[in-house]
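Undergrad: Can you keep this structure in mind? I'll have questions shortly.
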C-alpha cells in the first residue's frame with residue numbers, strides 16, 4: 008500500500024472521528040476532575056511555571072503534569088480556552104490513536120501479503136480504526152477533558168509500536184527505545200500504572216513461547232532505562248526527591264486496591280454490566296474464538312498475525328482480570344488495554360471477510 012492510500016484512510020478516520028465526537032463535546036458541563044485538569048493547565052500558562060502542577064499556588068501531587076502540559080499546548084495552538092476546546096483535546100488524542108492502530112495493522116497485513124490479495128475490501132484496512140472509535144467506553148472518554156484519552160494514546164502507542172518493531176521487524180533496540188519514550192511520558196501522565204499494561208501482556212506472551220529469558224535482555228533494560236530517565240529527569244528538575252509525591256502516589260495505589268472509594272457492589276456492577284455496555288458490541292466477537300477452525304485455517308497460516316493476536320488477547324484479558332480484582336479500580340482504569348480488544352476483533356473480522364471471499368471464489 009502506497010503512502011497516498013494510507014493518507015486517504017487517515018483522512019477518512021479523522022473525518023469519521025470528528026463527526027462522531029465533536030457534535031457531542033458540549034452537551035454537558037464539566038464533570039468530575041475536568042475542571043481541575045483545565046485550571047492547572049491555565050495556571051501553567053498564566054504563571055509560566057510548567058514543571059510541577061499547582062492548583063491555586065498549592066502543589067498538586069496526585070497526578071504528574073504531562074496531561075496538563077498537553078492541555079496547555081493545545082490551548083496555545085488553538086488560541087481558545089473554552090470547555091469545548093479543552094474536551095476536543097481528548098477527541099483528537101483518540102483519533103490519533105486510531106491512526107496508530109491502523110498504521111500498525113496495515114504494516115502487518117503487508118508482512119503477511121494480505122494487502123496484495125485480489126478483491127481485498129478497503130473495509131479491511133479501516134477495521135482497527137473504526138472498531139476503536141466506535142467503542143462506547145472510548146467515545147465516553149473522547150468527549151471529556153480528562154486524562155484518559157491522552158493516556159490511552161501514549162500507552163497504546165508504546166505497546167503496539169514496540170510489538171511491531173520488536174516482534175515483526177526484529178529491530179529490538181528500536182522497539183524498546185520507542186516503548187521507553189512513550190511509556191516515560193505515560194508515567195508522567197498517570198504514574199507507574201502505565202507500566203502495568205505492557206507486563207500484563209508481555210509476561211504471559213513470553214511464557215507461552217517459552218522466552219522468559221528476554222525479561223533479562225539488554226533491549227529490555229534499555230527501555231526501562233529510557234522510561235526511568237524521563238521520570239527522574241522531570242523529578243529532579245521540578246521537585247527533587249520529595250517524599251510527599253511518593254506518599255500521594257502510594258495512597259492512590261492503595262485506594263485502587265482496597266476499594267476504599269467505591270462499594271463492592273458498585274465495583275462489580277462496573278466490571279460486569281458496565282464492562283459489557285462499555286465494550287459492546289466488539290466484546291461479543293470473543294465468542295467466535297470458540298471455533299477451533301478459526302485458529303487452524305487462519306492464524307496457523309499467518310504466524311505474524313498469530314503472535315499479534317495472542318499479544319492483543321493477553322493485553323485485554325489480563326488488563327480486565329487485574330482491574331476487576333483491584334476492588335477500588337474504576338472501569339476507565341483499564342482503557343489503555345482496549346487496543347487488545349480492537350486487534351482481536353479486527354482479526355476475527357479479517358478472518359470472516361477472507362473466508363467469505365474464499366467461499367465465493
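Numbering (this note's numbering), first residue to last: 8 to 368.
Beta carbons: idealized from backbone N, C-alpha and C, even for Gly.
Source: prediction; values computed, not measured.
Can you list, in chain order, the residues of its chain with a C-beta nearer than 6 Å to that of residue 57? Leave out the 5 residues immediately preceding and following it.
TA: The answer, listed in chain order, is 51.
Undergrad: Please give the ranges of any alpha helix (DSSP H) in the stretch 10-52, keeping only runs that are unbroken, at least 4 residues long and fully inside the region.
TA: Taking only runs of at least 4 residues, the alpha helix (DSSP H) segments lying wholly in the stretch 10-52 are 10-28.
Undergrad: Touching or not, the stretch 132-149 and the stretch 284-295, by the rule of three or more beta carbon pairs under 8 Å?
TA: They touch, by the three-pair rule.
Undergrad: Cβ atoms of residue 348 and residue 323: under 8 Å apart, would you say?
TA: Yes, the Cβ-Cβ distance between residue 323 and residue 348 is below 8 Å.
Undergrad: May I ask you to report which of helix, strand or coil DSSP gives residue 61?
TA: Strand at residue 61.
Undergrad: Can you have a look at residue 153 and say buried or exposed, based on whether 16 or more other CB atoms are within 10 angstroms of its CB?
TA: Its Cβ being crowded by 16 or more others within 10 Å, residue 153 is buried.
Undergrad: The alpha helix (DSSP H) with residue 83 in it runs from where to where?
TA: Taken as a continuous stretch (DSSP letters only), the alpha helix (DSSP H) holding residue 83 covers 73-85.
Undergrad: Using C-beta distances below 6 Å, list every residue in its chain close to residue 127, excluding the 5 sequence neighbours before and after it, in chain order.
TA: Around residue 127: no qualifying Cβ.
Undergrad: Flag this pair as yes or no: are the beta carbons of residue 135 and residue 160 separated by less than 8 Å?
TA: Cβ atoms of residue 135 and residue 160: not closer than 8 Å.
Undergrad: At 3 residues or longer, what runs of the beta strand (DSSP E) sit wholly inside the stretch 199-249?
TA: Segments of the beta strand (DSSP E) lying fully in the stretch 199-249: there are none.
Undergrad: With DSSP collapsed to three states, give me the class of residue 66.
TA: Strand.
Undergrad: Would you kindly report the start and end of the unbroken alpha helix (DSSP H) that includes residue 194?
TA: Per DSSP, residue 194 belongs to the alpha helix (DSSP H) from 179-197.
Undergrad: Going along the chain, which residues of its own chain have a beta-carbon closer than 8 Å to the beta-carbon of residue 194, five neighbours each way excluded?
TA: Result list for residue 194: 71, 201, 202, 234, 237, 238, in chain order.
Undergrad: Tell me, to the nearest whole angstrom, how far the beta carbon of residue 63 is from that of residue 252; I am working on the premise that it is less than 8 Å.
TA: The pair is not a contact, with the Cβ atoms about 19 Å apart (cut-off 8 Å).
Undergrad: So, does the stretch 203-217 touch the stretch 26-36, judging by three or more C-beta pairs under 8 Å?
TA: No, they do not touch.
Undergrad: Specify whether the stretch 322-338 and the stretch 216-230 touch according to this definition: at least 3 beta carbon pairs, one from each stretch, less than 8 Å apart.
TA: Short answer: they don't touch.
Undergrad: Figure out for me which residue from 343, 174, 196 has the closest Cα to the Cα of residue 313.
TA: Ranking 343, 174, 196 by Cα distance to residue 313 puts 174 first.
Undergrad: Take residue 219 and list the residues in its own chain whose beta-carbon comes closer than 6 Å to its own, dropping the five residues that flank it on each side.
TA: So the qualifying residues of the chain are 213.
Undergrad: Please report the distance separating the alpha-carbon of residue 260 from that of residue 60.
TA: Roughly 20 Å between the two C-alpha positions.
Undergrad: Below 8 Å between beta carbons: does that hold for residue 105 and residue 157?
TA: No, the Cβ-Cβ distance between residue 105 and residue 157 is not below 8 Å.
Undergrad: Check for me: the alpha helix (DSSP H) holding residue 330 runs from which residue to which?
TA: Taken as a continuous stretch (DSSP letters only), the alpha helix (DSSP H) holding residue 330 covers 310-331.
Undergrad: Looking at the unbroken alpha helix (DSSP H) that takes in residue 155, where does it start and where does it end?
TA: Note, residue 155: alpha helix (DSSP H), 154-170.
Undergrad: Measure the Cβ-Cβ separation of residue 351 and residue 293 and say whether it is below 8 Å.
TA: Result yes, Cβ atoms of residue 351 and residue 293 sit closer than 8 Å.
Undergrad: Grab the span of the alpha helix (DSSP H) containing residue 102 for me, first residue to last.
TA: 90-118 is the extent of the alpha helix (DSSP H) around residue 102.
Undergrad: Please state the DSSP three-state secondary structure of residue 254.
TA: DSSP places residue 254 in helix when its eight states are reduced to three.
Undergrad: What residue range does the alpha helix (DSSP H) around residue 145 cover?
TA: Counting along the chain, the alpha helix (DSSP H) containing residue 145 begins and ends at 143-149.
Undergrad: Check each candidate in 357, 41, 103 and name the one with the smallest Cα separation from residue 14.
TA: Residue 14 has its Cα closest to that of 103, out of 357, 41, 103.
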